[in-house]
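Comments concern the structure below.
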Amino acid sequence: MKSFAVIRAEDPNKVKIALHDLEHYGSMKFGSNPKRIEPNYADQLLVSVSGVPLKTKCNSAALVELDTNAGAAISKLRKIHPPAHVVIVSPRHDAFEELLESSELYPEFDRTFDI
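Heads up: the sequence shown runs through residues 920 to 1034, numbered per this note's numbering.
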């Protein structure tokens, strides 16, 4: 079953590196292109999924649909340690249906690096 990854970081380059790490080192398959989401929304998703209060706000965030089930994604994530906070949203979370319905509405996340 599909899941979503919400990537939160202090700057866009860390989000880009984390997306790269998920694909290449975590061997996760993306079901769609990563989408740019508002940092405040990513923070709300973190609180909703984890059930703990927010410690620090992020400045950049992305959402990507994974063709990897949530359990496997979490296992792989623990092994790669990306430079951003990654939250896996599975169908058992209340936010999953909302993300499923609205994910296509978000603009694509620009994955090119500024040199």
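Heads up, the beta-carbon is just placed ideally off N, CA and C, and yes, glycines get one too.
**Report entry** Beta-carbon spacing of A992, A980 below 8 Å
**Finding:** The Cβ atoms of A992 and A980 lie no closer than 8 Å to each other.
Query raised in the report: In chain order, what residues of the same chain have a beta carbon less than 6 Å from the beta carbon of K976, not counting five sequence neighbours either side?
Result: Excluding residues within five positions, the ones whose Cβ falls inside 6 Å are D962.
Requested in this report: Would you mind working out which of V1005, F1028 and P1010 sits nearest E1020, comparing C-alpha positions?
Outcome: Ranking the options by Cα distance to E1020, first place goes to P1010.
Query - Collapsed DSSP secondary structure at I926 in the structure displayed - result: Strand.
Query raised in the report: Do L1018 and L982 have their CB atoms nearer than 8 Å?
Result: With respect to L982, L1018 sits close: the two C-beta atoms are nearer than 8 Å.
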